[in-house]
Amino acid sequence: MILPIITYPNKQLKTRSAEVTSFDQLLHRFLDDMYETMMSSNGIGLAAIQVANPIRALILCIPDEEGNQTQENLLEIINPSICDPKGNTLYQEGCLSVPGFYEDVERYESLTLHYQNRHGESCTLEANDLLAIAIQHEMDHLEGKLFIEKLTYNRRKKFEKEYKKALKEKK
Ligand code: QAP
Ligand code: CO
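Next up, the structure:
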């Protein structure tokens, strides 16, 4: 089932998401719906709060070298925590909750991630490049943070102006 995606400036996006404690069929169905929703909107990452569920769950599907997004590359990440962040990198980020706007954001270059999978099993993952960036972007959603909050004052002003204009034009 494709779920509606909440977009900025909806205040629900500011919610801090809660730990997941039951790894049951309800969670599994929800993760399946998140995947369908993300793929239908051409996303590479989605956090549960973006579809109005404030739980610490996110999914990522980074395209391979040929640019193909296959379900084999799907990562379902629950209750994540970052260890050993290293280096810094700039990447032009976007967000399904901030459609049509992209801007450079600074992130750690590499990290180790501890998380649980859909069965509640503990997992560890070493990430760099786009995967490391996407993990940090999605984990910010769990804290109620959007990438636009990381922009400098002037770029944030540019964003507010462009975004408001785009919203008006859509109506
Ligand atoms: C988060 O973002 C991310 O504006 C995932 O019109 C971003 O999937 C991780 C999207 C950058 C790493 C680097 C955005 C689709 C998708 C839009 C997305 C749009 C259509 C964003
Ligand atoms: Co996002």
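Numbering (my numbering), first residue to last: 196 to 366. Glycine included, each C-beta is placed from N, C-alpha and C at the ideal position. Remember, predicted model here, so these are calculated numbers, not experimental data.
Just mark residue 336 as buried or exposed, buried being the case when its beta carbon has 16 or more other beta carbons within 10 Å. Within 10 angstroms of the beta-carbon of residue 336 lie 16 or more other beta-carbons, which makes it buried.
Specify whether the region 315-322 and the region 285-292 touch according to this definition: at least 3 beta carbon pairs, one from each stretch, less than 8 Å apart. The region 315-322 makes no contact with the region 285-292: fewer than 3 CB pairs, one atom from each, lie closer than 8 Å.
Is any heavy atom of the ligand CO found at a distance shorter than 7 Å from the C-beta of residue 292? Flag set: Cβ of residue 292 near the ligand CO.
Under 8 Å between C-beta atoms of residue 255 and residue 330: If you check the CB distance, residue 255 and residue 330 come in under 8 Å.
Can you give the Cα-Cα distance for residue 268 and residue 258, rounded to whole angstroms? A straight line joining the alpha-carbon of residue 268 with that of residue 258 spans about 8 Å.
Nearest residue (CA-CA) to residue 202, options 280, 242 and 228: When the alpha-carbon of residue 202 is set against those of 280, 242 and 228, the nearest one is in 242.
Within its chain, find whatever has a CB closer than 8 Å to the CB of residue 216; leave out the 5 residues flanking it on each side and keep chain order. Excluding residues up to 5 positions away in sequence, nothing lies with its Cβ nearer than 8 Å to the Cβ of residue 216 in the same chain.
Based on Cα-Cα distance, which residue from 305, 319, 346 and 282 lies nearest to residue 298? The shortest Cα separation from residue 298 among 305, 319, 346 and 282 belongs to 346.
Environment of residue 220 [buried if 16+ CB atoms lie within 10 Å]: Exposed: under 16 other Cβ atoms inside 10 Å.
Would residue 148 and residue 303 be called neighbours here (beta carbons separated by less than 8 Å)? Given that the chain is displayed from residue 196 to residue 366, the structure contains no residue 148 and the question cannot be resolved.
Outcome for residue 287 when other beta-carbon atoms lying within 10 angstroms are tallied against a minimum of 16: So residue 287 ends up on the exposed side.
With residue 263 and residue 214 assumed to form a contact (beta carbons below 8 Å), what rounded beta-carbon distance in angstroms separates them? A Cβ-Cβ distance of about 33 Å is found for the pair residue 263 and residue 214, leaving them out of contact under the 8 Å criterion.
Between which two residues does the beta strand (DSSP E) containing residue 255 stretch? It spans 252-256 - the beta strand (DSSP E) in which residue 255 sits, taken as one unbroken run.
Who does residue 303 pair with in a DSSP beta bridge? Looking at the DSSP assignment, residue 303 forms a beta bridge with 283.
If you run the structure through DSSP and keep just helix, strand and coil, what is residue 175? The structure shown does not extend to residue 175, since the chain is modelled only from 196 to 366, so the question has no answer here.
Please determine whether the Cβ atom of residue 230 lies at a distance below 7 Å from any heavy atom of the ligand QAP. Incorrect: residue 230 has no Cβ contact closer than 7 Å to the ligand QAP.
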